[in-house]
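Single-structure report; data block below.
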Amino acid sequence: MSTIASTIDEQFAALGEQYYPGSTRPLVRHPNRLNTEAAPSAADPTEWDAKPRRYVVAGKETEFFTVGQLARALGRQPVTIRKWEREGVIPKSTFQSPGRDGDVRGRRRLYTRAQVEGIVRIAHEEGVLVSHQKPIKDTQFTPRVIALFERLAAEQ
Numbered sequence: 001m002s003t004i005a006s007t008i009d010e011q012f013a014a015l016g017e018q019y020y021p022g023s024t025r026p027l028v029r030h031p032n033r034l035n036t037e038a039a040p041s042a043a044d045p046t047e048w049d050a051k052p053r054r055y056v057v058a059g060k061e062t063e064f065f066t067v068g069q070l071a072r073a074l075g076r077q078p079v080t081i082r083k084w085e086r087e088g089v090i091p092k093s094t095f096q097s098p099g100r101d102g103d104v105r106g107r108r109r110l111y112t113r114a115q116v117e118g119i120v121r122i123a124h125e126e127g128v129l130v131s132h133q134k135p136i137k138d139t140q141f142t143p144r145v146i147a148l149f150e151r152l153a154a155e156q
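At the far end of the sequence shown sits residue 156, using this note's numbering, and the numbering has no gaps.
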């Protein structure tokens, strides 16, 4: 019996940490769960504004950024920005790019550089980005962002 037990122990030892202990089920290590790097800094402009979209608005070429780029600037996921927009935490995007062949399902929310930089500045000042523990509804983030969008719309 001891020979069989030692043979089994040797076989499992040969498997190393590739399998869960006492199992033949492979051990799964997700690289995204092991990544302990901090989220990109919102203050680092090279992270989110590397590839702006350029459209002519009122005869003037303007840089626009997508939801993903806004999310990257805030250190959040795009789904969070869409949720904030849906719940009224931030105003709906002022601009949209058309979908391919005019398909309404392919529209993209677009934000100007001034809108993105303003949202990031307000988020820092209100402490929205510092801690996930502070509820966004308990801050002046929403009214300040709405005022920013209104002011920028009036300037155009």
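Heads up, the beta-carbon is just placed ideally off N, CA and C, and yes, glycines get one too. Please read all numbers here as calculations on a predicted model, not as lab measurements.
Span of the beta strand (DSSP E), counted from its first residue to its last, around residue i
i	result
Thr112	108-112
Gln96	95-97
Assumed close pair residue i, residue j - CB separation to whole angstroms, cut-off 8 Å
i	j	result
Glu126	Phe141	4 Å
Ala123	Leu152	Wrong, their Cβ atoms sit about 16 Å apart, outside the cutoff.
Arg109	Gly99	No, Arg109 and Gly99 are not in contact; Cβ-Cβ is about 12 Å, not under 8 Å.
Same chain, Cβ closer than 8 Å to residue i, neighbours up to 5 away in sequence not counted
i	result
Arg54	Glu61, Thr62, Glu63, Phe64
Ala58	Gln156
Thr112	Thr62, Glu63, Phe64, Phe65, Thr94, Phe95, Leu152
Arg105	Gly99
Identity of the residues DSSP links to residue i by a beta bridge
i	result
Lys60	Val57
Phe65	Tyr111
Per-residue burial, residue i [other beta carbons within 10 Å of its own, 16 or more giving buried]
i	result
Ser93	buried
Gly118	buried
Thr7	exposed
Val67	buried
Val145	buried
Ala71	buried
Gln96	exposed
Thr3	exposed
Cut-off 7 Å between Cβ atoms - residues of its own chain near residue i, not counting five sequence neighbours on either side
i	result
Ala73	Ala42, Trp48, Val116, Val120
Leu129	Ala42, Leu74, Gly75, Ala123
Val56	none
Thr80	Ala71
CB contact below 8 Å: residue i versus chain D
i	result
Arg76	The structure shown contains no chain D, having only a single protein chain.
Where the alpha helix (DSSP H) through residue i begins and ends
i	result
Lys83	78-87
Leu152	141-155
Beta-carbon proximity list for residue i, same chain, < 6 Å, skipping 5 on both sides
i	result
Pro78	Val67, Gly68, Ala71
Lys134	Gly127
Trp84	Ile90
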